[in-house]
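The structure appears below as structure tokens.
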Amino acid sequence: MTEPSSIFHCTACGASYDPELRFCTKCGAKLPPPTESEVIKTTEASGKSRGIEPPPDALYEEPSYISGHGSQSEEEAGTPPELKFYSGSRDMKDRAKEDLKEKVTKPPPANSFMTGFLLIVAFIAPPAGLLTAIAWALMPSYRKAVVPVVLASIMGAGIWGWVAWGDMKKHIYEEPLNTIEQYIEAQDLALSTRGHFLSLLNLQIDGYLPTEFPATSNAEFEFIEHVLGPTGYSVEIRPGFEESKFFRMESLWTDQSGQIRRGSNDGPILER
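Everything in the sequence shown is counted per my numbering, starting at 1 for the first residue and increasing by one.
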């Protein structure tokens, strides 16, 4: 290997070989290491510069990209700007939600005096409270007060119902008592004029009692004649189901003595 060329010759068979080979491709003899090699010259790219090719001296430097321009050294590039988020990123969605919240106009706060006043009205007059709750459900400012108004209406209705129940229970015996007293008076009159007692039908026929007896009343009860004779009788006013279960009304009994008893014919005397 005496010629300074990029082509070398095998010392065994004389075949030519490239300097990077270590064994001859023809005879297989081991080739000596090259003592001299030429610098491989590269050809430059043809054509005009497109603005993205780095300068020849910076071919092997670490590339750095700024806004899509050609590669530059880190010193020349500096700090790259913050990348923009694409529309589907989580950060952009969060920002969009925050912008939407800022754009939505918040309703004005509710008037505390008006809220308290209508709560009292709902407690005193439950139907008015329910109408107020329906109206407030359509008003964003008062929407949070709908539940308290409904609860106040329910409490008011419960208290008013309890008061009404107590009043009805207190006066539950008035109409049955008037009925049995009217019957006793008619029998006493029949005894004084006819000399004996009459049945309910005869009392109505002879005019001692009205045709529609007993009269229609708010309390439900039944008039029953158990015993009837010329010198004595025994009758009962039996309460209806609701009067017996809900108002604890007992049946009323009376006989020719004119005394009115509760529960049975020999029960305690009803105090008028």
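Where a beta carbon is used, it is the ideal one built from N, C-alpha and C, also for glycine.
Note that the structure is predicted; figures quoted are calculated from it, not measured.
Residues 221, 222, 224 and 251 of the same chain have their beta carbon placed closer than 7 angstroms to that of residue 238, with the five preceding and five following residues left out of the count. Note that the C-beta distance between residue 137 and residue 153 is not below 8 angstroms. About 5 angstroms separates the Cβ atoms of residue 256 and residue 232, confirming a contact at the 8 angstroms cut-off. At the C-beta level, residue 198 and residue 208 come within 8 angstroms of one another.
Taking C-alpha positions only, residue 268 is separated from residue 258 by approximately 14 angstroms.
In the three-state DSSP reduction, residue 192 falls in the helix class (H, G or I). A direct Cα-Cα distance of roughly 11 angstroms separates residue 14 from residue 29. Annotation: the continuous alpha helix (DSSP H) that includes residue 126 extends over 126-137. In this structure the segment 146-166 does not lie against the segment 185-199, because fewer than three pairs of beta carbons, one per stretch, are closer than 8 angstroms.
From the listed residues 215, 124 and 196, the smallest Cα separation to residue 180 is found for 215.
In the DSSP assignment, residue 230 falls outside any alpha helix (DSSP H) and carries neither an H nor an E. Apart from the 5 residues on each side of it in sequence, residue 9 sits with its Cβ closer than 8 angstroms to the Cβ of 1, 15, 16 and 17 in its chain, given in chain order.
For residue 151, the enclosing alpha helix (DSSP H) starts and ends at 146-170.
Linking residue 270 to residue 262 through their CA atoms gives a straight-line distance of about 6 angstroms.
Burial is judged here by how many other beta carbons sit within 10 angstroms of a residue's own beta carbon; residue 243 has at least 16 and is buried. For the 8 angstroms CB-CB criterion, residue 122 and residue 149 form a contact. Contact between residue 260 and residue 219 fails: their C-beta atoms lie close to 16 angstroms from each other, not under 8 angstroms.
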